[in-house]
Amino acid sequence: MATVRLERHLLRARDLVDSRYAEPLDLPRLAQEAHVSPRHFSRSFRRVFGETPYQYLLSRRLERARHLLRTTEMTVAEICLEVGFTSVGSFTTTFSRHVGVSPTTFRKAYGGPSEADRIPLCYAMAWARRAGVGAFREDGASSAG
Amino acid sequence: MIDAISHVNVWVDDQEEAKAFYTEKLGFEVREDATLEEFGGYRWLTVGPPGQPDVNVILSAAIPPAIDADTAKQVMALVNQGAMGPGIFRTEDCRKTAKELQERGVEFTQEPDARFYGVDAGFRDPFGNEWRLVQPIEYDLETVQGAEANGG
């Protein structure tokens, strides 16, 4: 059996973020998934994927929030909780800072039928995420950075 | 004119481990498994789903002389970090197949989820290659979009 490379372990942690972004994932939990120490994990994740674990988690939550704003009639508060934020104020501030408009304004602009509906889920999740967000630690619910 | 896709390549770290995964866990059959001494021990290994004999997955080891050692390392690092997702498998029943594969220890990245095009799940092979598992449905995009516009 081949030796499992660090990248493969790190990918398991990134997959965990993609599937369980709504949970309060923190650095020790993600590092555990990758079978490395939290310190080593954070540095290695950034080297391999080009952003910190916290940035990746935050960007995934924002991508899912944009998707739900666009395709559902859930309230902003419901979406906030659905994607892993714990405070509507924090969610609105973070969303506005990184997307450029508030969740409500985004919904007005992009809600309803779209060409994006043609894209399978995995491609949408891969391409609609905006990498590298999270320079500011607005989301106090997570410390995966 | 090109008539069909017959082979697709998937990079793997270990061909024996790959053969075990694709046959024992995914249920594929081995199509060809030849070690060619005249090619320095190169192993030509192909597998495929039993119901589709004309499409083969080549399980390739990234090793010299096909590619140099440094490039091989880079290729496999990309595979291991999930940057080389290879494709989509079709199934008649995504939830049932996903359950069967999970019971065999296949690592799912996404549980079956109903989408406009069908039920969709995702899993990885032991090396990081991501495959999608889709139970397609007939759909009309105009209808899908109309339903979404009406909150459906």
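Protein sequences, first through last, are from chains A and B. The numbering used here puts the first residue of the first sequence at 615, with every later residue one more than the last. The numbering used here puts the first residue of the second sequence at 26, with every later residue one more than the last. Cβ coordinates follow ideal geometry from the N, Cα and C atoms, glycine included.
Out of curiosity, what's the CA-to-CA distance linking B/R68 and A/V702? In this structure, the straight-line span from the alpha carbon of B/R68 to that of A/V702 is close to 57 Å.
Can you tell which of B/S31, B/Y142, B/A108 has the C-alpha that lies nearest to the C-alpha of B/I83? B/S31
Quick check on B/V26: buried or exposed, where buried means 16 or more other Cβ atoms within 10 Å of its Cβ? According to the sequence shown, residue 26 of chain B is Met rather than Val. So B/M26 counts as exposed.
Selected residue, minimal CA-CA separation from B/V159, among B/E136, B/D150, B/D165: Closest in alpha carbon position to B/V159, among B/E136, B/D150, B/D165, is B/E136.
In chain B, which residues lie with their C-beta within 7 Å of the C-beta of A/S633? Identification of chain B residues near A/S633 by a Cβ-Cβ cut-off of 7 Å yields T134, Q135, ordered along the chain.
By how many angstroms is the C-alpha of A/R657 removed from the C-alpha of B/M101? 20 Å
Sheet register partners of B/I83 (DSSP bridge): B/N34, B/T71
Please confirm whether A/H788 and A/V650 have their CB atoms less than 8 Å apart. Absent from the structure is residue 788 of chain A, since the part of chain A shown begins at 615 and ends at 759.
What's the C-alpha gap between A/L630 and A/Q669? Each residue's alpha carbon lies about 14 Å from the other.
If you reduce the DSSP assignment to three classes, tell me which class B/L61 lands in. strand
Could you tell me which residues DSSP pairs with B/F148 in its beta bridges? Looking at the DSSP assignment, B/F148 forms a beta bridge with B/F133, B/W156.
Is it a yes or a no for the segment 668-688 of chain A touching the segment 634-653 of chain A, going by three-plus beta-carbon pairs under 8 Å? yes
Does any residue of chain B bring its CB to less than 8 Å from the CB of A/F655? No, because no Cβ of chain B sits closer than 8 Å to the Cβ of A/F655.
Unbroken alpha helix (DSSP H) run spanning A/F699, endpoints: Note, A/F699: premise wrong, no alpha helix (DSSP H); not H, not E.
As a quick exercise: from B/I162, B/D165, B/D39, pick the residue whose alpha carbon is nearest that of B/A97. B/D39
Excluding the five sequence neighbours on either side, which residues of its own chain have a C-beta within less than 6 Å of the C-beta of B/G12, listed in chain order? Chain B is shown only over 26 to 177; residue 12 of chain B falls outside these bounds and no answer can be derived.
Neighbour flag for B/G73 against chain A, beta carbons, 8 Å: no
Taking 8 Å as the threshold (beta carbon to beta carbon), is B/A94 in contact with chain A? Among the residues facing chain A, B/A94 is not included, as its CB has no counterpart in that chain under 8 Å away.
Among A/R744, A/V713, A/L682, A/R643, which residue has its Cα nearest to the Cα of A/G725? A/L682
Whole-number beta carbon distance between A/A745 and A/E692, since they are thought to touch under 8 Å: Rounded, the Cβ-Cβ distance is 26 Å, inconsistent with contact.
Around the C-beta of B/G76, are 16 or more other C-beta atoms found within 10 angstroms, so that it is buried, or is it exposed? exposed
Nearest-angstrom Cβ-Cβ length linking A/V690 and A/T718, presumed shorter than 8 Å: 6 Å
Contacting residues, own chain, Cβ-Cβ under 8 Å from B/D79 (five flanking each side not counted): A29, S31
Check whether the Cβ atoms of A/R684 and A/A648 sit closer than 8 Å, and answer yes or no. no
Could you check which residue in B/S85, B/E63, B/F64, B/A45 has the C-alpha nearest to that of B/V33? B/S85
Could you name the residues of chain B that A/E637 contacts, counting a contact when the two beta carbons are closer than 8 Å? Those within 8 Å of A/E637 in chain B number zero; the least Cβ separation is about 14 Å.
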